[in-house]
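Be aware that the sequence shown starts at 0, since it is given in numbering that gives the first Met the number 0, and climbs by one per residue.
Beneath this line is the structure, given in structure tokens, with notes to follow.
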Amino acid sequence: MKEASQHSKVLGYNTLPLVSHDFNHNPLSSIFDANHTKVSGKLLKVLSWYDNEWAFSNRMLDNCLALHNAQ
0 MKEASQHSKV LGYNTLPLVS HDFNHNPLSS IFDANHTKVS GKLLKVLSWY
50 DNEWAFSNRM LDNCLALHNA Q
């Protein structure tokens, strides 16, 4: 996940002890929280943070720009 997020506009990687408020107005669609990821037998628990409205707006802008540039 860390490697995948290095040059991504949509995926982030976090190792700091942050809370939901710390991710307000973050343009990434998903921030993978390495500290809260746990493996227990066959069970994998993954925690990912996001600011739903802000990230969605950024993806819509990305799509609009892509459509504009495709013309």
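Even for Gly, the Cβ is constructed at its ideal location relative to N, Cα and C.
Burial state of residue i, where buried means 16 or more other Cβ atoms lie within 10 Å
i	result
G40	exposed
A73	Nothing about residue 73 can be read from this structure; the chain reaches only from 0 to 70.
S28	buried
First through last residue of the beta strand (DSSP E) which encompasses residue i
i	result
S4	Taken as a continuous stretch (DSSP letters only), S4 belongs to no beta strand (DSSP E), being part of the alpha helix (DSSP H) at K1 to S4.
S39	K37 to S39
F22	Premise fails: F22 is in no beta strand (DSSP E) and is neither H nor E.
Residue nearest to residue i in terms of C-alpha spacing, selected from the options
i	options	result
M0	F31, F22 and H35	F31
Cα-Cα separation between residue i and residue j, rounded to whole angstroms
i	j	result
M59	N34	30 Å
H67	D50	26 Å
Range of the contiguous alpha helix (DSSP H) that encloses residue i
i	result
N51	N51 to A69
According to DSSP, residues forming a beta bridge with residue i
i	result
V9	The partner list for V9 (beta bridge, DSSP) is empty, contrary to what the question assumes.
S47	F31
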